[in-house]
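> Per our numbering, the sequence shown starts with residue 10, numbered consecutively. For each residue, glycine too, the CB sits at the ideal point set by N, CA and C. Quick caveat: nothing in here was measured; it's all calculated off a predicted structure. Below is a structure I'd like to ask you about.
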Amino acid sequence: MKMKPDEQPATLLDDDLLPEYSGLLKNGVRGKYAGRLSRRGNLALLAPDVAEAFPTDEAVNDALRGLIATRSEAPSSQSAA
């Protein structure tokens, strides 16, 4: 597809932000709270079907703790050489 001479190529900064919001965001700082999040813990994005099964942080943590307990109770599958 060939561009017309007066067309500008799309950039990553092109968006559909409404003009009335642009003034609110002009002093924003990207990644302002990233350090706080990394100190607090891990963040995982759940697939929609998993999120349905585990609707709260507590439900996810309980399930993972159960998995950890099951794995630590199971005999080792590695044979001594």
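Where does the unbroken alpha helix (DSSP H) through Ala53 begin, and where does it stop?
As a first step, residue 53 must be located in the sequence shown, where it is residue number 44. Run containing Ala53: none; DSSP gives neither H nor E here.
> Short check: CB of Phe63 to CB of Leu76, under 8 Å?
In the sequence shown, residue 63 corresponds to position 54, counting from 1. In the sequence shown, residue 76 corresponds to position 67, counting from 1. The answer is no: Cβ separation not under 8 Å.
> Determine the direct distance from the alpha carbon of Arg74 to that of Asp58, and round the result to whole angstroms.
Residue 58 sits at position 49 when you count from the first residue of the sequence shown. Residue 74 sits at position 65 when you count from the first residue of the sequence shown. Cα to Cα, Asp58 sits roughly 20 Å from Arg74.
> Could you check what DSSP says for Tyr42 in three-state terms: helix, strand or coil?
Here the question's residue 42 lines up with position 33 in the sequence shown. Three-state DSSP puts Tyr42 in coil, outside helix and strand.
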